[in-house]
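Going line by line, the protein sequences match chains F and X. For the first sequence, the working numbering begins at 100 and goes up steadily by one. For the second sequence, the working numbering begins at 100 and goes up steadily by one. Heads up, the beta-carbon is just placed ideally off N, CA and C, and yes, glycines get one too. Treat the numbers as computed from the prediction; the structure is a model and nothing was measured. Structure first, then comments.
There are 2 protein chains.
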Amino acid sequence: MTDQAQSTKDEIIDATREALVEHGYADLSMGKIADEFGRSQSLLHYHFDSKEKLIAAVLRRERKQYKGWFQSMPTDPEQRLDLLVESFVREYSDWADREPMAARYSELLAAANHSEPIQMELQALFDRIREEFVETVREGVDDGTFQDVDPEHVGHLITAANASAGQYWLLDNPEAETTIADALESFVLSKVYR
Amino acid sequence: MTDQAQSTKDEIIDATREALVEHGYADLSMGKIADEFGRSQSLLHYHFDSKEKLIAAVLRRERKQYKGWFQSMPTDPEQRLDLLVESFVREYSDWADREPMAARYSELLAAANHSEPIQMELQALFDRIREEFVETVREGVDDGTFQDVDPEHVGHLITAANASAGQYWLLDNPEAETTIADALESFVLSKVYR
Chain F
100 MTDQAQSTKD EIIDATREAL VEHGYADLSM GKIADEFGRS QSLLHYHFDS
150 KEKLIAAVLR RERKQYKGWF QSMPTDPEQR LDLLVESFVR EYSDWADREP
200 MAARYSELLA AANHSEPIQM ELQALFDRIR EEFVETVREG VDDGTFQDVD
250 PEHVGHLITA ANASAGQYWL LDNPEAETTI ADALESFVLS KVYR
Chain X
100 MTDQAQSTKD EIIDATREAL VEHGYADLSM GKIADEFGRS QSLLHYHFDS
150 KEKLIAAVLR RERKQYKGWF QSMPTDPEQR LDLLVESFVR EYSDWADREP
200 MAARYSELLA AANHSEPIQM ELQALFDRIR EEFVETVREG VDDGTFQDVD
250 PEHVGHLITA ANASAGQYWL LDNPEAETTI ADALESFVLS KVYR
């Protein structure tokens with residue numbers, strides 16, 4: 100792809116994310132994305148032929164950005180795990196309160212049930228995040244920082260706590276969010292840290 | 100309320116649930132509910148003045164039905180906990196595959212973010228289910244069937260595993276669903292059962 104085509108695509112993805120944040124998934128249309136993009140609708144259609152593929156492209160870029168964030172984290176497994184648990188569980192609602200995509204993720208999850216492009220990209224994004232939990236635990240187990248736990252299991256339980264924190268945020272139940280973080284600490288993380 | 104008014108309300112709630120299952124939350128309207136109801140739109144409006152209040156009434160009834168199901172379960176805490184974990188975690192996707200409301204719950208969660216009646220009723224439903232996990236563990240701890248664990252924490256972790264199983268189902272990831280059930284078993288339930 101030429102640099103210019105890539106930069107047009109980037110602009111389109113920016114516009115899609117903006118339009119998604121503004122209108123929500125159910126009310127999003129190619130027309131609204133084109134309005135946000137501000138250039139010709141045919142240029143939009145030339146690059147992406149459906150709203151679902153546009154959303155998939157947004158999710159692909161979100162995944163890249165998570166990857167970049169993970170790469171910028173401390174390499175020490177303990178510090179890293181602390182930071183991951185803090186970000187994805189204990190301080191979930193702080194993140195969700197300031198990140199307009201948080202509510203949109205719940206809409207995309209619902210949409211994933213009947214849209215293959217969204218389902219595939221959302222699965223890839225969620226898998227990538229869970230893999231980060233798993234690999235961080237694995238490194239700590241391998242270098243002896245952590246106890247001899249099953250990294251897959253720990254990664255899945257942090258993911259579950261994150262999913263639950265997301266539900267509690269949507270249901271406006273901050274007390275429950277604190278309890279799930281404490282429960283994860285007492286049943287799971289206490290078996291991980293030495 | 101007269102018996103007849105109650106039975107009309109029940110009919111309306113049935114129709115709302117049917118219409119929700121058929122059309123999905125985003126495409127649901129008072130008109131579609133009225134079509135499903137098959138009687139006059141003014142009778143519908145006489146009982147409920149918005150789509151959100153209708154959905155709230157559906158959720159209230161779902162909660163009653165869960166309560167009835169819980170009351171029919173074995174009273175032995177161990178058998179009861181087994182059955183709860185099986186239903187809400189290990190065999191989540193079997194339930195979701197045959198229950199058309201499963202996908203709708205994810206839509207209602209997303210809608211809860213901007214609809215107070217739905218948020219309140221969904222929170223009440225989810226709280227009621229979690230309370231069942233918590234109380235079952237508490238009974239088993241009190242009568243010595245279970246080890247001395249924190250029932251709140253266990254209840255929250257089963258809820259988290261259920262939330263995660265729901266996401267894996269939406270993302271068509273049955274392998275991950277098995278792993279979260281195994282992880283819950285190994286980190287949490289193994290500390291509960293004697």
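Presumed contact (8 Å Cβ cut-off) between residue i and residue j, rounded CB distance
i	j	result
Pro250 of chain F	Arg229 of chain F	Wrong, their Cβ atoms sit about 11 Å apart, outside the cutoff.
Ala166 of chain F	Arg203 of chain F	Checking the displayed sequence, the identity of residue 166 of chain F turns out to be Lys instead of Ala. Contact doesn't hold; Cβ gap of about 20 Å is too wide.
Leu224 of chain X	Glu151 of chain X	At roughly 15 Å, the Cβ-Cβ gap does not stay under 8 Å, so Leu224 of chain X and Glu151 of chain X are not in contact.
Asn261 of chain X	Val188 of chain X	6 Å
Ser205 of chain X	Ala155 of chain F	Not quite, the Cβ-Cβ distance comes to about 18 Å (not below 8 Å), so this is no contact.
Val157 of chain F	Leu119 of chain F	7 Å
Phe136 of chain X	Glu177 of chain X	That belief does not hold up - the Cβ atoms of Phe136 of chain X and Glu177 of chain X are roughly 45 Å apart, past 8 Å.
Ala259 of chain F	Ala195 of chain X	Not a contact, Cβ separation roughly 16 Å.
Per DSSP, cross-strand counterpart(s) of residue i
i	result
Tyr302 of chain F	Outside the modelled stretch of chain F, which goes from 100 to 293, sits residue 302 of chain F, for which no answer is possible.
Exposed unless 16 or more other CB atoms sit within 10 angstroms - verdict on residue i
i	result
Glu198 of chain F	exposed
Glu324 of chain X	The question about residue 324 of chain X has no answer, for chain X in this structure spans 100 to 293.
Arg138 of chain X	exposed
Pro173 of chain X	exposed
Thr235 of chain F	buried
Thr101 of chain F	exposed
Glu121 of chain X	exposed
Gln266 of chain X	buried
Gly243 of chain F	exposed
Gln140 of chain F	exposed
Gln105 of chain X	exposed
Identity of the residue in the options nearest residue i by Cα
i	options	result
Leu207 of chain X	X:Lys163, X:Leu127, X:Asn272 and X:Ser192	X:Leu127
Tyr292 of chain X	X:His146, X:Leu269, X:Ile154 and X:Asp181	X:Asp181
Ala280 of chain X	X:Leu256, X:Leu269 and X:Asp242	X:Leu256
Lys163 of chain F	F:Thr107, F:Asp134 and F:Glu220	F:Glu220
Trp268 of chain X	X:Ser214, X:Asp242, X:Glu190 and X:Glu215	X:Glu190
Tyr145 of chain F	F:Met129, F:Val157, F:Glu135 and F:Leu270	F:Met129
Gly254 of chain X	F:His252, F:Gly239 and F:Glu276	F:Glu276
Ser214 of chain X	X:Thr107, X:Tyr124, X:Ile112 and X:Asp175	X:Tyr124
Leu142 of chain F	F:Val120, F:Gln103 and F:Gln170	F:Gln103
Asp113 of chain F	F:Arg159, F:Asp148 and F:Met100	F:Arg159
Val233 of chain F	F:Ile217, F:Phe169, F:Phe147 and F:Trp194	F:Phe169
Pro216 of chain F	X:Leu270, X:Phe136 and X:Asp109	X:Leu270
Ala264 of chain X	X:Val240, X:Asp241, X:Arg179 and X:Ser192	X:Ser192
Gln218 of chain X	X:Glu117, X:Leu153, X:Asp134 and X:Phe286	X:Leu153
Gly239 of chain F	F:Ser149, F:Leu288 and F:Leu283	F:Leu288
His252 of chain X	X:Leu283, X:Gln222 and X:Thr278	X:Leu283
Asp148 of chain F	F:Phe286, F:Val248, F:Ser186 and F:Lys108	F:Lys108
Thr115 of chain X	X:Gln105, X:Ala133 and X:Ser106	X:Ala133
Phe245 of chain F	F:Ser171, F:Gln222, F:Lys290 and F:Lys131	F:Lys290
Along the chain, which unbroken stretches of the alpha helix (DSSP H) at least 4 residues long are found entirely within the region 189 to 253 of chain F? As far as the region 189 to 253 of chain F is concerned, its whole alpha helix (DSSP H) runs of at least 4 residues are 191 to 197, 200 to 211 and 215 to 241.
So within the region 123 to 175 of chain X, which uninterrupted beta strand (DSSP E) runs reach at least 3 residues, ignoring any that extend past its ends? Qualifying beta strand (DSSP E) stretches: none in this window.
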